[in-house]
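With the numbering used here applied, the sequence shown closes on residue 127, and no number is skipped along the way.
A virtual CB, placed ideally from N, CA and C, is assigned to each residue, including glycine.
If you're wondering where the values come from, they're calculated on a predicted model, not measured in any experiment.
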Amino acid sequence: MGDFGGVFPRRAWVWINGVLHEARITNEAAGDYHGFPLNHPSQYPEPLERVEAAPRVEIPVL
């Protein structure tokens, strides 16, 4: 799920192991992103339907 403003989305969200993560574009020409967890629902973007529809993945933690 993304927030488009150019060729690449400015922001994108994904649920990883039940935690919502946001990625923000840092270099639009190259499509580079910086991602981080959103640790509290108050940090979630609105409308909440955006993040509820974001992909969900499980990554094994060893």
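Within the same chain, Cβ atoms closer than 7 Å to the Cβ of Phe73 are found at Ile90, Glu93, Gly96, the five residues on either side in sequence being excluded.
Taken through DSSP and simplified to helix, strand or coil, Val116 comes out as helix. With fewer than 16 other beta carbons inside 10 angstroms of its own, Ala118 counts as exposed.
DSSP, read as helix, strand or coil, puts Pro102 in strand.
Secondary structure note for Ala88: its beta strand (DSSP E) is the uninterrupted segment 84–92.
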